[in-house]
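Q: Numbered according to our numbering, the sequence shown terminates at residue 612, and the numbering increases by one at each position without gaps. By construction, the Cβ of each residue, glycine as well, lies at the ideal position given by its N, Cα and C atoms.
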Amino acid sequence: IFSGKKRPGTEFLAGLVNLDAAGYVVTDENCETSLRGVYAIGDVRRPKFRQVATAVGDGAIAGMDCLRYLRAKAQ
């Protein structure tokens, strides 16, 4: 059973960050978007598997990279 949106609901981000043709946020391997310091996690970034575990993993990756970004910016 699948429950949830089939579209990511990211229309409000158009023009701010890169979206693919289906509207998913394009990120690098650290979940960072085309807008430096802005991260996207979970189902908005076209996950291979739509699972809570993958979204949690995305959060951990993005959180660690965000910390690195903020520390570098503070120097």
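By how many angstroms is the C-alpha of A592 removed from the C-alpha of D580?
A: If you take the alpha carbons of D580 and A592, they lie about 7 Å apart.
Q: Does the Cβ of L556 have 16 or more other Cβ atoms within 10 Å, making it buried, or fewer, making it exposed?
A: Counting Cβ neighbours within 10 Å, L556 comes out buried, since at least 16 surround it.
Q: Along the alpha helix (DSSP H) that carries R608, what are the first and last residues, could you check?
A: Note, R608: alpha helix (DSSP H), 589-611.
Q: CB-CB under 7 Å to G574, same chain, minus the five flanking residues each way: which ones, in chain order?
A: Only Y606 meet the Cβ criterion.
Q: How about A551 and T564: do their beta carbons lie closer than 9 Å?
A: No, they are not a contact pair.
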